[in-house]
Amino acid sequence: MLTTLSLFAVLAAAAIPAGVHLGFRAPRLRETGTPADAGLDFEAVRIPTVRRRSLFGWLLAAADSTRTLVVLHGWGGNAELMLPLAIPFRQAGFNVLLFDARNHGGSDADTFSSLPRFAEDLGMAIAWLKRHHPGRADCVAVLGHSVGAGAALFEASRNPDIAAVISVAAFAHPARVTEASVRHLHLPAPIVFGIIRYVEWLIGHRFDTIAPMNTITRITCPVLLVHGRADRVVPVEDARLIHARSSGTHVRLLEIDGADHDSVDRIEDHVGALLGFLEHS
Numbered sequence: 017m018l019t020t021l022s023l024f025a026v027l028a029a030a031a032i033p034a035g036v037h038l039g040f041r042a043p044r045l046r047e048t049g050t051p052a053d054a055g056l057d058f059e060a061v062r063i064p065t066v067r068r069r070s071l072f073g074w075l076l077a078a079a080d081s082t083r084t085l086v087v088l089h090g091w092g093g094n095a096e097l098m099l100p101l102a103i104p105f106r107q108a109g110f111n112v113l114l115f116d117a118r119n120h121g122g123s124d125a126d127t128f129s130s131l132p133r134f135a136e137d138l139g140m141a142i143a144w145l146k147r148h149h150p151g152r153a154d155c156v157a158v159l160g161h162s163v164g165a166g167a168a169l170f171e172a173s174r175n176p177d178i179a180a181v182i183s184v185a186a187f188a189h190p191a192r193v194t195e196a197s198v199r200h201l202h203l204p205a206p207i208v209f210g211i212i213r214y215v216e217w218l219i220g221h222r223f224d225t226i227a228p229m230n231t232i233t234r235i236t237c238p239v240l241l242v243h244g245r246a247d248r249v250v251p252v253e254d255a256r257l258i259h260a261r262s263s264g265t266h267v268r269l270l271e272i273d274g275a276d277h278d279s280v281d282r283i284e285d286h287v288g289a290l291l292g293f294l295e296h297s
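Note that my numbering has the sequence shown beginning at 17, numbered continuously upward.
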């Protein structure tokens, strides 16, 4: 019996890394259009990031504007998917910088993707903007979706260059997401625990450190949490938990009826509230 249990433990230990790298690999969806398809002038840019990689992006410049909104997609997304949500901000007079995280869209590949690496790329995009377009970066706000939203909150907790955050469909804690993603496999609790610990080791961060429900407590800039009440990927209760963990009046929650996880069209219907938030931040 002891030999059998030992063999099972060895096989499980060997299978966890392989399963994590295979099951949690970000799908790459490349852009097929450009902002010109929507009648917008733009500049295609390459932004250097860590590990000698570079990021693909679009800068939509507004004449004489010193305010820029940096937009970050979610897992498996790209800049083009976020463009419909970004257009109203450009039309309202904001510069808009959209970019692809590593392993996404037209950006360079890397060994793996994670919330902290999304945040690293976001930080490098902001640094690039301030270095190459200082006149457009007097006020830098960030809009992120899903993992990109979690990354935006994590980066805002440590980056004073971020003046405001719009978080769309952020999850409360990575452990909850990990557990939900493997629930259909009916894995024993020790295996799920092992997966979580391996991912923490791989990304170099404990989940508690990067969890939006915890990073929100370290953010001092204004934050708008946007979440669909019909979200079937990340339930709206996650947004309510993040909001409940915040302190002060600088964090607001906007719940949108009928919006699912990727319902950009539903969020567009409330873009006035998002613009109003930035105007008064």
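By construction, the Cβ of each residue, glycine as well, lies at the ideal position given by its N, Cα and C atoms.
Check	Outcome
Starting from the Cα of residue 285, find the closest Cα among 242, 252, 203 and give me that residue.	242
Does the segment 206 to 214 come within contact of the segment 272 to 280, defined as at least 3 CB pairs closer than 8 Å?	no
Could you have a look at residue 267 and say whether DSSP puts it in helix, strand or coil?	strand
Is the closest heavy atom of the ligand MG to the C-beta of residue 94 under 7 Å?	Among the components of this structure there are no ligands whatsoever, and the ligand MG is therefore not found.
Hey, could you find the ends of the beta strand (DSSP E) residue 119 is sitting in?	No beta strand (DSSP E) holds residue 119; DSSP gives it neither H nor E.
Given this structure, state the Cα-to-Cα distance separating residue 45 from residue 64, to the nearest angstrom.	20 Å
Please report how far the alpha carbon of residue 91 lies from the alpha carbon of residue 131, in whole angstroms.	9 Å
Determine, using beta carbons only, whether residue 254 and residue 187 come nearer to each other than 8 Å.	yes
What's the call for residue 185, buried or exposed, on a 16-neighbour Cβ count within 10 Å?	buried
Measuring straight from C-alpha to C-alpha, what distance separates residue 42 and residue 120?	8 Å
Does the beta-carbon distance from residue 138 to residue 88 come in below 8 Å?	yes
Nearest by alpha-carbon distance to residue 79: which of 51, 71, 111 is it?	111
Just the C-alpha distance for residue 262 and residue 114, rounded to the nearest angstrom, thanks.	28 Å
Answer with buried or exposed for residue 148, where buried requires no fewer than 16 other C-beta atoms within 10 angstroms of its C-beta.	exposed
Do residue 354 and residue 86 have their C-beta atoms within less than 8 Å of each other?	There is simply no residue 354 to check, as the chain begins at 17 and stops at 297 in what is shown.
Go ahead and pull the three-state DSSP assignment for residue 56.	coil
Output the distance between the C-alpha atoms of residue 220 and residue 135, rounded to the nearest integer angstrom.	13 Å
Could you give the distance in angstroms between the alpha-carbon of residue 193 and the alpha-carbon of residue 233?	20 Å
So, under 8 Å CB-CB, residue 108 and residue 257 are touching, yes? Tell me the CB distance rounded to an integer number of Å.	No, residue 108 and residue 257 are not in contact; Cβ-Cβ is about 31 Å, not under 8 Å.
Please name the residue or residues paired with residue 84 in a DSSP beta bridge.	111, 156
Look at residue 250 and residue 162 and say whether their C-beta atoms are less than 8 Å apart.	yes
Taking residue 267 as the reference, which of 244, 124, 229 has the closest Cα?	229
Residue 321 and residue 198: beta carbons closer than 8 Å?	Residue 321 lies beyond the stretch modelled for the chain, which goes from 17 to 297, so this question has no answer here.
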